[in-house]
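Student:
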Amino acid sequence: MQVFKRPMRRTLAVLATAFAASMMALPAMAQNNLPQAQQAALKQKLAQRLPTMPPIDELRPAPLAGLIEVRAGEHLFYTDAKGDYLIDGNLIETQSRRNLTQERLDDINRVDFATLPLKDAVVWKNGNGQRKLVVFADPNCGYCKHLEKSLQDVKDVTVYTFVIPILGDDSKAKAENIWCMKDRTQAWRNWMLDGQAPPKAFGMCASPTQRNLALAQRLRVNGTPAMFFEDGSRLASAAPASVVEQRLTKASKGN
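To convert, take the position in the sequence shown, counting from 1, and add 255; that gives my numbering.
(1) Quick check on Phe-483: does DSSP put it in helix, strand or coil?
(2) Let me know if Tyr-220 comes out buried or exposed under the rule of 16 or more other beta-carbons within 10 Å of its beta-carbon.
(3) For Leu-322, is the classification buried or exposed, using 16 other Cβ atoms within 10 angstroms of its Cβ as the cut-off for buried?
(4) When the Cα atoms are used, what is the spatial distance from Glu-324 to Leu-360?
(5) Shorter than 7 Å, the distance from the beta carbon of Ala-320 to the closest heavy atom of the ligand GTP, or not?
(6) Would you tell me roughly how many angstroms separate the C-alpha atoms of Arg-444 and Val-412, rounded to the nearest one?
(7) Which whole-angstrom value is the C-beta distance of Leu-402 and Val-390, which I expect to be below 8 Å?
(8) Applying the 10 Å Cβ sphere with the 16-neighbour rule, what's the burial state of Ala-506?
(9) Cβ of Ser-351 within 8 Å of Cβ of Asp-393?
(10) Enumerated in chain order, which unbroken segments of the beta strand (DSSP E) with a length of 3 residues or greater are wholly contained in the region 379-450?
(11) DSSP state of Ala-276, grouped into three classes?
(12) Three-state secondary structure (DSSP) at Ala-506?
(13) Quick test of the definition: if touching needs 3 or more C-beta pairs under 8 Å, does the region 323-342 touch the region 294-309?
(14) Measure from the alpha carbon of Ser-497 to the alpha carbon of each residue in Trp-434, Lys-410, Leu-331, then state which is nearest.
(15) Can you give me the Cβ contacts of Ala-276 inside the same chain, cut-off strictly under 7 Å, excluding the 5 residues immediately before and after it?
(16) In three-state DSSP terms, what is Val-476?
(17) What do you reckon, are the CB atoms on Ala-481 and Arg-489 nearer than 8 Å?
(18) By a C-beta neighbour count over all protein chains shown, 10 Å radius and 16 as the cutoff for buried, is Arg-502 buried or exposed?
(19) Excluding five sequence neighbours on each side, which residues of the same chain lie with their C-beta closer than 8 Å to the C-beta of Ser-405?
(20) Considering only DSSP beta bridges, list what Arg-353 is partnered with.
(21) Give the single residue among Thr-307, Asn-467, Ile-311, Asp-343 whose Cα lies nearest to the Cα of Thr-479.
(22) DSSP on Ala-327, reduced to helix/strand/coil?
(23) Going by the beta-carbon positions, is the gap between Pro-316 and His-330 smaller than 8 Å?
(24) Kindly indicate the opening and closing residues of the alpha helix (DSSP H) around Asn-297.
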């Protein structure tokens with residue numbers, strides 16, 4: 256659920272010239288060198304003027320002189336030194352065409368892949384399984400089923416699926432039943448690929464469902480599917496096999 260209603264998005268590259276002209280009197284600030292008093296004043300003013308804005312986690316100078324980066328949850332905004340203006344959009348470095356906003360978000364959302372508790376995931380592999388991919392999925396998520404089918408075309412990958420039942424009681428029941436099957440991998444694939452529901456589990460079974468939900472919350476996974484690659488980067492949506500392949504290749508080179 257989006258808690259802050261975003262205005263119409265506009266690319267900051269279009270606004271940069273005009274905004275920078277208004278900021279010419281301000282000195283360029285070194286990275287991570289924003290005075291505490293200024294941070295406190297900005298947080299207070301923005302909270303008062305924009306009460307529906309998520310709580311501010313961090314303030315720091317933006318790559319463009321005169322702009323201050325505002326990190327609020329999973330969102331990045333930009334403001335002036337006094338907090339009188341707020342810009343919601345992507346900061347583009349025009350010479351290289353780099354999306355500096357997206358690069359910063361990627362860095363903020365990066366995880367330590369080696370610390371993920373893969374023992375709590377449903378596992379399957381294609382080919383030699385050398386490359387690794389983590390997926391968070393709900394068993395009743397239609398996009399998750401489309402992704403599962405797309406992943407069948409990705410070669411030489413091991414897929415670790417953390418099942419998180421976020422779509423209601425039936426999702427929770429399916430997650431528990433799948434995990435408690437003797438061959439949980441086949442049970443998961445039978446359901447996601449062929450629509451064959453798992454039989455109801457009888458007796459006690461130590462399921463990681465609650466741990467998976469806690470992990471998803473800790474990693475700020477707010478919807479399914481969500482993918483994590485070996486370089487710690489994430490992709491918070493379904494994607495065709497070609498896109499997953501590109502991301503796996505990039506992640507492998509980064510390790």
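Ideal Cβ placement from N, Cα and C applies to all residues, glycine included. The model shown is predicted, which means the values in this text are computed figures rather than measured ones.
Tutor: Walking through what the data contain:
(1) strand
(2) Residue 220 is absent from the structure shown; the chain starts at 256 and stops at 510.
(3) buried
(4) Distance between the alpha carbons of Glu-324 and Leu-360: 11 Å.
(5) In the structure on display, the ligand GTP does not appear, and there are no ligands present to speak of.
(6) 16 Å
(7) 7 Å
(8) buried
(9) no
(10) 386-392, 412-418
(11) Summary for Ala-276: the model assigns pLDDT 40, below 50, so the residue's position carries little reliability, and this model does not support an answer.
(12) helix
(13) yes
(14) Lys-410
(15) Caution is warranted here: a pLDDT of 40 is assigned to Ala-276, below 50, making its placement in the model unreliable, and the coordinate value is therefore given only provisionally. No residues qualify anywhere along the chain.
(16) coil
(17) yes
(18) buried
(19) Ala-493, Ala-494, Pro-495, Ala-496, Val-499
(20) Glu-348
(21) Asn-467
(22) strand
(23) no
(24) Contrary to the premise, residue 297 reads as Leu rather than Asn in this sequence. Unbroken alpha helix (DSSP H) run through Leu-297: 291-304.
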